[in-house]
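Below: one structure, written as structure tokens.
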Amino acid sequence: MTEEGATNGYLSPAVAGSGAIAAGLAAAATTLGEVKLLARSDTSAWRAEEQVEKLCRKLEGGDASKLKVTTDPNELAGCDLVAEAIVEDHDAKVALHQTLAEVCPDADLATTSSSLNISKLAGEIGAPERFYGLHVFNPVTRMDLIELCLPDELGDGVADRARAFTAALGKTGVDVPDTAGFVVNRLLFPYLFDAVRFMEASGMPAADVDSCMSMGAGHPMGPLKLIDFIGIDVSVAIGDSLVAESNEAYQGPPELLRKMLADGTLGRKTGKGFYDYS
0 MTEEGATNGY LSPAVAGSGA IAAGLAAAAT TLGEVKLLAR SDTSAWRAEE QVEKLCRKLE
60 GGDASKLKVT TDPNELAGCD LVAEAIVEDH DAKVALHQTL AEVCPDADLA TTSSSLNISK
120 LAGEIGAPER FYGLHVFNPV TRMDLIELCL PDELGDGVAD RARAFTAALG KTGVDVPDTA
180 GFVVNRLLFP YLFDAVRFME ASGMPAADVD SCMSMGAGHP MGPLKLIDFI GIDVSVAIGD
240 SLVAESNEAY QGPPELLRKM LADGTLGRKT GKGFYDYS
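Residue numbers (numbering that gives the first Met the number 0): 0 to 277.
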């Protein structure tokens with residue numbers, strides 16, 4: 000690896016995914032050099048490219064011309080890192096990474112999973128020596144923290160490359176345990192879910208609950224608006240992962256969120272959640 004590669008962690012990174020997290024991570028990576036993005040369809044590829052271009056215009060050092068978008072996994076063959084950022088679904092992540100592990104035999108593999116067990120994923124993927132957690136936060140271009148889950152099974156140099164890449168992006172990496180939700184979501188989501196239950200029990204409007212927490216506790220965003228921002232679907236998935244590991248009911252999503260999920264009311268991404276964004 001060249002001196003630049005040693006400094007940045009990776010010379011040829013790629014992002015697998017086309018949503019907000021994937022686009023944000025790809026945009027941030029353009030500040031270091033060329034980056035590829037793997038989308039699942041032509042439509043999602045176009046949307047991801049448009050989003051990365053928009054983010055790069057607001058990001059110091061961002062350069063959308065350094066992005067190459069593809070729908071063919073084989074085009075990632077020469078990459079030395081593939082960071083997956085797809086839906087928070089265990090089986091979907093395993094299936095994608097099994098493909099990536101085969102197509103990119105020399106690449107480190109990372110997941111931006113916010114709640115799944117990294118060692119379990121690594122074992123099912125069949126690449127525990129090169130698979131780790133790279134939990135970035137939305138919006139990636141603005142949030143400073145990256146939770147790094149670096150299992151003991153990693154091969155020599157992988158953890159160092161992960162930390163170097165994190166630092167090169169201008170982020171602060173914190174090593175976290177391989178437990179559901181890591182640190183942030185393990186502590187955050189029980190609070191968010193309790194806010195939903197409190198709103199229902201008290202009859203208070205969502206905006207008033209949020210005002211109390213933003214003004215009284217100094218939070219930049221109230222809990223119900225934050226759930227809308229994260230997405231009801233993502234929130235339910237994280238809550239289910241927390242309960243599956245801990246068997247503690249208070250860590251799970253309230254029934255109201257499950258009803259909203261069933262109705263397709265997912266927050267900002269669908270134009271309606273606890274607030275109307277239409």
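All C-beta atoms in this analysis are idealised placements derived from N, C-alpha and C, irrespective of residue type, glycine included.
Look up P12 in the DSSP assignment and give the residues it is bridged to. If you number the sequence shown from 1, residue 12 lands on position 13. Looking at the DSSP output, P12 bridges to L80.
According to DSSP, what are the bridge partners of A109? In the sequence shown, residue 109 corresponds to position 110, counting from 1. Partner residues in the beta bridge of A109, as assigned by DSSP, are A82 and Y131.
Beta-carbon within less than 7 Å of Y356's beta-carbon, same chain only, minus the 5 sequence neighbours each way: which residues are those? In the structure as shown, the chain starts at 0 and stops at 277, and residue 356 therefore has no counterpart that could be examined.
Residues near Q50 in its chain [Cβ-Cβ closer than 6 Å; skip 5 each side]: In the sequence shown, the residue the question calls residue 50 occupies position 51. Excluding sequence neighbours, Q50 sits near A22.
When you compare only the Cα positions, how much space is there between G251 and S64? Within the sequence shown, residue 251 is the residue found at index 252, counting from 1. Within the sequence shown, residue 64 is the residue found at index 65, counting from 1. If I take the Cα positions, the gap works out to 43 Å.
Is DSSP giving D159 helix, strand or coil here? The residue given as residue 159 occupies position 160 in the sequence shown. Helix, per DSSP.
Within 9 Å of any Cβ in chain D, is that where the Cβ of A158 sits? Absence of chain D from the displayed structure is noted, only one protein chain being present.
Residues in its own chain within less than 7 Å of M209 by CB, not counting five upstream and five downstream? Sequence index remark: in the sequence shown, residue 209 carries index 210 (1-based). It should be noted that the sequence gives Asp, not Met, for residue 209. Excluding sequence neighbours, D209 sits near G221, P222, L223 and K224.
Given T30, which residues of its chain have a CB within under 8 Å of its CB, disregarding the five upstream and five downstream residues? Translated into positions along the sequence shown, residue 30 becomes position 31. These residues qualify, in order along the chain: L58, E59, G60, G61, D62, L168 and G169.
Specify the secondary structure class of A254 as computed by DSSP and reduced to three states. Against the sequence shown, residue 254 aligns to sequence position 255. The amino acid at residue 254 is misidentified as Ala; the sequence shows Glu. DSSP places E254 in helix when its eight states are reduced to three.
From the DSSP secondary-structure annotation, give me the bridge partner or partners of L265. Here the question's residue 265 lines up with position 266 in the sequence shown. In the DSSP output, where bridge partners are listed per residue, L265 has none listed.
What does DSSP give as the partner residues of L37 in its beta bridges? Translated into the one-based positions of the sequence shown, residue 37 becomes position 38. Partner(s): A15 and T69.
Using the beta-carbon count (16 or more within 10 Å), is N184 buried or exposed? Working through the sequence shown from its first residue, we reach residue 184 at position 185. By the 10 Å Cβ count, N184 comes out buried.
Ordered along the chain, which non-local residues of its own chain (more than five positions away) have a Cβ less than 8 Å from that of I117? Mapped onto the sequence shown, residue 117 falls at position 118. These residues qualify, in order along the chain: T110, F130, Y131, G132, C148, P150 and D177.
I need the boundaries of the beta strand (DSSP E) containing D174, first residue and last residue. Here residue 174 is taken as the residue at index 175 of the sequence shown, counted from 1. Unbroken beta strand (DSSP E) run through D174: T171 to D174.
Flag this pair as yes or no: are the beta carbons of A11 and E33 separated by less than 9 Å? One-based indexing of the sequence shown puts residue 11 at position 12. One-based indexing of the sequence shown puts residue 33 at position 34. According to the sequence shown, residue 11 is Ser rather than Ala. For S11 and E33, yes; Cβs fall inside 9 Å.
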